[in-house]
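Visitor: Everything in the sequence shown is counted per the working numbering, starting at 1032 for the first residue and increasing by one.
Encoded as structure tokens, here's the structure I'll be asking about.
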Amino acid sequence: MPKLQEIIKEFQETDEDFRLDLLLDYSEKLPHLPEEIQNHLRQEQHQIPECQTPVYLEVFTQNQHLKIRAEVPPESPTVRGIISILFSALDSCLLKNLEEIPIDLLRRLGLDKKIGTLRSHGINAIVHRIRHEIKQLGAIE
């Protein structure tokens, strides 16, 4: 997953005081979904219940590529930024090129001390859900 490693490196090379700004930049890059896909995503099985923010996530394959659909309100730029990072790194990646998402993603991004405990818990739940879904698809052992 070279793309995720590139993003992690980008955060590590950014001054600690500006990492949240970089995360906010990513939050603005998450694609807007058409209404019919939003309605599909807003089902209970797609919700991440550990998040205080209403986060909806779907992971599936299409033509041997991983696909991710996510909806996070713009009023939650921190969570939206993390989802956008994962989307940027994983969406449309060939299944054979997938590697595991690091369980300590927040620490590797240098954001673990910048984000509160409750939000960190929700973000970790998102990472776990994506990792689980990828394994369920048989893309990674």
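We treat Cβ as the ideally placed atom computed from N, Cα and C, and that holds for glycine.
Only a predicted model underlies this, so the values are computations on that prediction, with no experimental measurement involved.
1) Using 8 Å for Cβ pairs, my map puts SER1119 next to LYS1034. What's the rounded Cβ distance?
2) Are three or more beta carbon pairs between the stretch 1117–1131 and the stretch 1070–1080 nearer than 8 Å?
3) Within the same chain, show all residues whose beta-carbon is closer than 8 Å to that of ILE1114, passing over the 5 residues directly before and after it, in chain order.
4) Over what stretch of residues does the alpha helix (DSSP H) that includes ILE1038 continue unbroken?
5) Thinking C-alpha only, which one of HIS1096, LEU1117 and GLY1112 is nearest LYS1127?
6) Quick check on ARG1073: buried or exposed, where buried means 16 or more other Cβ atoms within 10 Å of its Cβ?
7) Rounded to whole angstroms, what is the Cα-Cα separation between PRO1108 and LYS1144?
8) Rounded to whole angstroms, what is the Cα-Cα separation between ASP1135 and ARG1160?
9) Do you know how far the Cα of GLU1131 is from the Cα of GLN1069?
10) Cα-Cα, which of ILE1146, LYS1166, ASN1094 and GLU1067 is closest to LEU1054?
11) Look up HIS1063 in the DSSP assignment and say whether it is helix, strand or coil.
12) How many angstroms separate the CA atom of GLY1153 from the CA atom of CYS1082?
13) Name, in chain order, the residues that DSSP records as bridge partners for ARG1097.
Guide: Reading off the structure:
1) That belief holds up - the Cβ atoms of SER1119 and LYS1034 are roughly 7 Å apart, short of 8 Å.
2) Counting C-beta pairs with one atom in each stretch, the stretch 1117–1131 and the stretch 1070–1080 have fewer than three that are closer than 8 Å, which means they do not touch.
3) LEU1061, VAL1086, LEU1088, ALA1101, VAL1103 and ILE1157
4) 1033–1044
5) Nearest option by C-alpha distance: HIS1096.
6) exposed
7) 17 Å
8) The alpha-carbon atoms of ASP1135 and ARG1160 are separated by roughly 14 Å.
9) 27 Å
10) ILE1146
11) coil
12) 4 Å
13) At residue 1097 the sequence reads Leu, which differs from the Arg that was named. Per DSSP, THR1092.
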